Amino acid sequence: MSAEMVSNERQNRIALGALCMCVAMFGGTSIDISVKALAPHYTTAQIVFLRSVIALPFVLALVWRQVGVPALGTAGFAWQLWRGLLTAGANFGFFYGLIYVELVTALMLAYIGPVLIVLLARPLLGEHISLGRLSGVLIGFAGVLYVIRPTGFDVHPGILAILGSALCWALLSISNRQLAGHVSTPVLLFYTYPVSLLLAAALTVGDWQTPQGWHWALFGVTALGSIVAHGFAALAYKYAAAGVVAPFEYTALIWISLAGYLFWNEVPEAAVWIGGTAVILGGYIALRSRS
Numbered sequence: 000m001s002a003e004m005v006s007n008e009r010q011n012r013i014a015l016g017a018l019c020m021c022v023a024m025f026g027g028t029s030i031d032i033s034v035k036a037l038a039p040h041y042t043t044a045q046i047v048f049l050r051s052v053i054a055l056p057f058v059l060a061l062v063w064r065q066v067g068v069p070a071l072g073t074a075g076f077a078w079q080l081w082r083g084l085l086t087a088g089a090n091f092g093f094f095y096g097l098i099y100v101e102l103v104t105a106l107m108l109a110y111i112g113p114v115l116i117v118l119l120a121r122p123l124l125g126e127h128i129s130l131g132r133l134s135g136v137l138i139g140f141a142g143v144l145y146v147i148r149p150t151g152f153d154v155h156p157g158i159l160a161i162l163g164s165a166l167c168w169a170l171l172s173i174s175n176r177q178l179a180g181h182v183s184t185p186v187l188l189f190y191t192y193p194v195s196l197l198l199a200a201a202l203t204v205g206d207w208q209t210p211q212g213w214h215w216a217l218f219g220v221t222a223l224g225s226i227v228a229h230g231f232a233a234l235a236y237k238y239a240a241a242g243v244v245a246p247f248e249y250t251a252l253i254w255i256s257l258a259g260y261l262f263w264n265e266v267p268e269a270a271v272w273i274g275g276t277a278v279i280l281g282g283y284i285a286l287r288s289r290s
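147 is the number that numbering that gives the first Met the number 0 gives to position 148 of the sequence shown; each next residue is one higher, with no gaps.
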C-alpha cells in the first residue's frame, strides 16, 4: 500500500470519527432538552432509572445482533465497572445541574469536557497533542464563551455537579479510546447502563411519580438519545484520536440553537453565529492538524 493510500485512509478514518462525534452530540442534545423539560416533575434518579429501563432492551438487541450476548462476558469487569461509575457520575451530575442551571449555561460549563479530553489524552493515552489541535480546542472554547458571554457564576451545587459531570464524561471518552480495538462498540454501550440503573433504582424507592401523558415520550427520547450519544461517541474514538474528535463536541451548540428556534421560536443573536463560526473553525483546525 502506497504512502498516499495510507494517508487517504487515515484522513477518511478521521473524518468518520468527526462525523460520529457530531451524531453523538445530536443525541446528547436531545437528552438535555428532554431532561430540562422533565426535571420540574421528576427526581434526577427517576429520570436516570426510566431512561435506562427503556434503553436497555434496545441495547441488548444490538449486542445480540452484532456480536452475540456471550461477548458481554469478555469485556473485563474492572474496566466496565469503572466506565459504569463514570457514566453514572456524568448522568446524575448533569441532570441534577439542569434543575438549577439554565440549559445554555449548563452546556457552556459542560464544554470544559473537550478541553479536559485533550489535556488528559497525553498522560492517559500517550497521544501527542500538537499545537494545532490544542489551538483548535481553545478557539472552539473561545467561541462558546463568546456566545454565552458569562459574567460570573455563583458557586451553586448544581454548577459543581455539571463540572463533575464534564470530568466524568472526559474520562469516559478517554476509556473509549483505551478500549478501542479490544472491546466491541455494542458491548461498550451496554456497560454504560447497569451501574446507573442500580443506583437510580435504589434512590427512587419511596420517591416515585408515575409519568403522565407526553412525559413518556420525553423519557423515550432520553433513552434513544443516550444510545445514540454513547454508541456514536465510542465509534468516534475508535476511528480517530481523542485530540481530534473532542472539539466536535462543540457542535451541540448548533442543535441547541436549532431546537430553540423550532420549539420555542427563539432566534439566535448575532453572537451565536459569530461564536458558532469560531467553534466550527476550531474543529476544522483540530481536524487538519498533524499529530
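Heads up, the beta-carbon is just placed ideally off N, CA and C, and yes, glycines get one too.
Remember, it's a predicted structure, so these values are computed and weren't measured experimentally.
- The C-beta distance from F91 to V47 rounds to 6 Å, short enough to meet the 8 Å contact threshold.
- When secondary structure is reduced to three states using DSSP, W168 falls in the helix class.
- By the beta-carbon neighbour count (other beta carbons within 10 angstroms, threshold 16), N7 is exposed.
- When Cβ pairs closer than 8 Å are counted between the two stretches, the segment 169-178 is seen not to touch the segment 44-61, the count staying below three.
- With fewer than 16 neighbouring CB atoms inside 10 Å of its own CB, P39 falls in the exposed class.
- By the Cβ rule, the segment 134-141 counts as touching the segment 237-247, because three or more pairs are nearer than 8 Å.
- Secondary structure note for N90: its alpha helix (DSSP H) is the uninterrupted segment 76-99.
- In terms of Cα proximity to G274, the closest of Q10, P210, W215, Y145 is Y145.
- One Cα belongs to A269, the other to S256, and the distance between them is close to 12 Å.
- In the three-state reduction of the DSSP assignment, S174 falls in the helix class, which pools H, G and I.
- Across the structure, L187 and L118 are spaced so that their CA atoms are roughly 23 Å apart.
- Rounded to whole angstroms, D31 and G67 show a C-alpha spacing of 31 Å.
- Apart from sequence neighbours up to five positions away, the residues of its chain that approach A240 with a beta-carbon distance below 6 Å are E126, ordered along the chain.
- The Cβ neighbour count for G72, taken over all protein chains shown within 10 Å, is under 16; the residue is labelled exposed.
- Separation of F25 and D206 (C-alpha to C-alpha, rounded to the nearest whole angstrom) is 31 Å.
- By the neighbour-count criterion, in which 16 or more other beta carbons inside 10 Å mark a residue as buried, F94 falls on the buried side.
- Counting other Cβ atoms within 10 Å of its Cβ, H155 stays below 16 and is therefore classed as exposed.
- By the neighbour-count definition (other C-beta atoms within 10 Å, threshold 16), G180 is an exposed residue.
- Taken atom to atom, the span from the alpha-carbon of L85 to that of V114 is near 17 Å.
- For D206, the secondary structure class from DSSP, reduced to helix, strand or coil, is coil.
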